[in-house]
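A.B. asks: Sending over a structure as structure tokens; questions will come in a sec.
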Amino acid sequence: MVLRFMMMHGLAFALVANAYLLLVMVTMSPRIWGYVDYPEAVRAKVSPQTKQEKLAGAIVALPWILFVLSFPVFSTFALRTALGSEIPFLIAFLNPLVLLQLFNLSEVLILDWLVISKITPSFVIIPGSTAEDYKDMSHHYRAHARASAVIVLLSLVIGAVVSLA
Numbered sequence: 093m094v095l096r097f098m099m100m101h102g103l104a105f106a107l108v109a110n111a112y113l114l115l116v117m118v119t120m121s122p123r124i125w126g127y128v129d130y131p132e133a134v135r136a137k138v139s140p141q142t143k144q145e146k147l148a149g150a151i152v153a154l155p156w157i158l159f160v161l162s163f164p165v166f167s168t169f170a171l172r173t174a175l176g177s178e179i180p181f182l183i184a185f186l187n188p189l190v191l192l193q194l195f196n197l198s199e200v201l202i203l204d205w206l207v208i209s210k211i212t213p214s215f216v217i218i219p220g221s222t223a224e225d226y227k228d229m230s231h232h233y234r235a236h237a238r239a240s241a242v243i244v245l246l247s248l249v250i251g252a253v254v255s256l257a
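Numbering (the numbering used here), first residue to last: 93 to 257.
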């Protein structure tokens, strides 16, 4: 029951979080959403983000960040309720860990590797750079490795809060 719960919530979470990012990618300039995530080789070829682009990026990111931070908490409280109002710390830790890592893995494989690095459609290319500039995945791998460490810490906090609440 617990594993099924984690997988269902994890897949739904990854789908919604990635769908939002893909929608932003398709509908907005990559200077707004992609500039800070792109490799130095790309950023060296294009002008820095303007204040308006940075502000637009922050506004677009806010709903996504709120969802990504709140859904694992909600899910872990829901799992605690499903288990009869008590949840062991290990399960309370593993639930957000599974959710966030499923998203992290799907985002690097689908959006970063497949869409940006392999397919490289025009909507991901910042004017002034070329499709070839997006083929190196090393910066994505490093970023997702760092995110994995943050995910473990965040999951520890969520697990502690929910199991002790």
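All residues carry an ideal CB built from backbone N, CA and C; glycine is no exception.
(1) What does a CB cutoff of less than 7 Å around LYS210 pick up in its chain, not counting 5 residues either side in sequence?
(2) Just checking my contact of GLN193 with ILE243 at CB under 8 Å: how many whole Å lie between their CB atoms?
(3) Indicate whether THR168 and PRO188 have their beta-carbon atoms separated by less than 8 Å.
(4) Is the segment 247-255 touching the segment 172-188 in the sense that three or more CB pairs, one from each, lie closer than 8 Å?
(5) Using a Cβ-Cβ cut-off of 7 Å (strictly less than) and excluding sequence neighbours within five positions of ILE124, which residues of its own chain qualify?
(6) Assuming SER177 and ALA106 are in contact, meaning their beta carbons sit under 8 Å apart, how far apart are those beta carbons, in whole angstroms?
(7) Taking all protein chains shown into account, do 16 or more other C-beta atoms lie within 10 angstroms of the C-beta of ALA111, making it buried, or fewer, making it exposed?
(8) Look up PRO164 in the DSSP assignment and say whether it is helix, strand or coil.
C.D. replies: A quick look at the data gives this:
(1) Position 118 of the sequence shown holds residue 210. There are no such residues.
(2) As a position in the sequence shown, residue 193 is number 101, starting the count at 1. As a position in the sequence shown, residue 243 is number 151, starting the count at 1. Sure, about 6 Å apart at Cβ, within 8 Å.
(3) For the purposes of this step, residue 168 is taken as residue 76 along the sequence shown, with counting starting at 1. For the purposes of this step, residue 188 is taken as residue 96 along the sequence shown, with counting starting at 1. Yes, the Cβ-Cβ distance between THR168 and PRO188 is below 8 Å.
(4) yes
(5) Within the sequence shown, numbered from 1, the residue matching residue 124 stands at position 32. Hits under 7 Å: GLU145, ALA148, GLY149, VAL152.
(6) Within the sequence shown, the letter at position 85 stands for residue 177. Within the sequence shown, the letter at position 14 stands for residue 106. The pair is not a contact, with the Cβ atoms about 27 Å apart (cut-off 8 Å).
(7) What you label residue 111 is simply residue 19 of the sequence shown in a count that begins at 1. Around the Cβ of ALA111, a 10 Å sphere holds fewer than 16 other Cβ atoms; the residue is exposed.
(8) Mapped onto the sequence shown, residue 164 falls at position 72. Helix, per DSSP.
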